[in-house]
Amino acid sequence: MRLAVSDAADQITGGRAVPEEKKPVIVAKNLTVGYKLHRERKLLTALRDITITINKGEFVCLLGPSGCGKSTFINAISGIVLPWEGSMEVDGKPVTGPGPDRAMVFQDYALMPWRTVESNIRMPFEFQNLGLSKAEIDERIAHYLDLVDLTGFEKSYPYELSGGMRQRVGIARALVTEPKILLADEPFAAIDAMTRESMQSELEQFVSKTKQTVVFITHSIDEAIILGDRIAVISRRPGRIKEVIDIDLPRLRFDSDVKSLPEYSEMRERIWDLVKDEARSGAHGEE
Ligand SMILES: Nc1ncnc2c1ncn2[C@@H]1O[C@H](COP(=O)(O)OP(=O)(O)OP(=O)(O)O)[C@@H](O)[C@H]1O
Ligand SMILES: [Mg+2]
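Throughout the sequence shown, residue numbering follows this note's numbering, covering 2 to 288 in sequence.
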């Protein structure tokens with residue numbers, strides 16, 4: 002498999018060598034962000050005072066009750082929403098809008114029904130000029146079709162695919178530009194349990210090779226523990242970071258059967274307590 006990231010950026014900060022994997026990539030500082038509700042003529046604060054640094058190659062999972070601002074957080078990384086207060090920086094620069102360094106996998110696939118699998122995966126190249134020739138683009142598409150195990154389905158339309166296959170098209174479309182940062186919004190939520198496990202395993206293997214930085218939203222504690230280097234538990238809206246938990250379990254976790262380790266159950270229980278408290282404390286926070 003071809004590796005996605007070859008970042009020759011300067012690794013020296015303040016006269017000290019910073020290991021590449023410890024280089025901050027996503028830095029939110031006291032980030033407060035929300036939406037203008039035009040009908041109600043008011044502002045809704047989705048996230049308040051979020052401070053977190055995500056390093057290169059890290060896999061960070063976000064857990065929290067519905068409506069707490071998880072999607073808003075990855076929208077702020079992708080530049081779809083901009084800070085009201087505080088800041089959001091990617092690679093040392095304030096985020097002012099979307100860019101080819103960040104790609105999103107959407108919960109609802111967001112495929113174009115009138116386009117074939119191949120043409121859906123080709124889409125990002127129509128919006129971004131990455132300086133690749135037609136032959137290079139074709140080669141990339143073939144590579145990522147193969148990676149998500151959809152070779153042979155190039156000419157199929159989304160309605161001809163299963164839910165899991167559609168989501169794999171969404172994943173290939175996000176990976177095909179080889180973005181430094183992968184933003185995944187509950188990508189496996191609508192996939193059956195067996196396919197979901199195999200896709201978790203594939204994703205874990207894939208990012209361990211590409212060393213991409215991943216921010217991954219899920220409602221599943223098990224999925225977060227299996228995939229994450231860290232889990233950020235978000236409180237109910239307006240979302241704040243309640244706790245960030247390091248997951249120091251060996252990788253690859255699927256192969257090492259981590260679920261049978263006592264540390265796994267302890268971690269699961271601890272995270273469940275945090276999440277449960279938030280779910281119990283009511284669906285509506287302050288405005
Ligand atoms: N485009 C929008 N316009 C107005 N309000 C929005 C918009 N998107 C989200 N919100 C509001 O912001 C708050 C946070 O929403 P967000 O989608 O970030 O939550 P979430 O944690 O991703 O929830 P879920 O787990 O249900 O996906 C919610 O109250 C939601 O109604
Ligand atoms: Mg969401």
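Glycine included, each C-beta is placed from N, C-alpha and C at the ideal position.
Can the beta-carbon of residue i be found closer than 8 Å to that of residue j?
i, j, result
"phenylalanine 255", "glutamate 224", "no"
"leucine 183", "glutamine 213", "yes"
"proline 180", "proline 101", "yes"
"leucine 112", "glycine 153", "no"
"serine 79", "arginine 103", "yes"
"tyrosine 160", "proline 125", "no"
"valine 34", "threonine 97", "no"
"isoleucine 218", "isoleucine 55", "no"
"valine 91", "isoleucine 27", "yes"
Kindly indicate which residue of the options has the alpha-carbon position closest to the one of residue i.
i, options, result
"proline 25", "Lys94, Lys71, Lys43 and Leu32", "Lys94"
"lysine 71", "Ala29, Asp186 and Leu32", "Asp186"
"serine 261", "Ile227, Arg237 and Thr196", "Ile227"
"valine 177", "Thr52, Asp193 and Phe128", "Phe128"
"arginine 252", "Gly171, Met166, Met89 and Leu204", "Leu204"
"histidine 220", "Thr52, Ile235 and Met195", "Ile235"
"glycine 164", "Asp92, Glu41 and Asp109", "Asp109"
"histidine 144", "Arg174, Lys156 and Arg167", "Arg174"
"aspartate 1", "Thr52, Val91 and Ser202", "Outside the shown range of the chain, which is 2 to 288, sits residue 1, and nothing can be said about it."
"valine 327", "Arg169, Val245 and Pro263", "Not covered by the structure: residue 327. The range shown for the chain is 2 to 288."
Taking the beta strand (DSSP E) that residue i falls in, what are its first and last residues?
i, result
"glycine 35", "25 to 38"
"serine 104", "Just to set this straight, residue 104 is alanine in the shown sequence, not serine. Element bounds for alanine 104: 103 to 106."
"valine 1", "The displayed coordinates of the chain run from 2 to 288. Any statement about residue 1 would go beyond what the structure contains."
"valine 91", "86 to 91"
Consult DSSP for residue i and reduce its assignment to one of helix, strand or coil.
i, result
"threonine 219", "coil"
"aspartate 50", "strand"
"arginine 231", "strand"
"threonine 73", "helix"
"glycine 240", "strand"
"methionine 113", "coil"
"threonine 152", "coil"
What span of residues does the alpha helix (DSSP H) with residue i cover, start to end?
i, result
"valine 170", "164 to 176"
"aspartate 139", "135 to 148"
"serine 202", "194 to 211"
Using a Cβ-based criterion (distance less than 7 Å to any ligand heavy atom), does residue i qualify as near ligand 3?
i, result
"lysine 135", "Because ligand 3 does not appear in the structure shown, any question about it cannot be addressed here, the ligands present being ligand 1 and ligand 2."
Worksheet item: When the Cβ atoms of the segment 220 to 234 are set against those of the segment 56 to 70, are three or more pairs found closer than 8 Å?
Response: yes
Practice prompt. State whether the segment 191 to 200 contacts the segment 115 to 122, with contact taken as three or more CB pairs (one from each stretch) at a distance under 8 Å.
Written response: no
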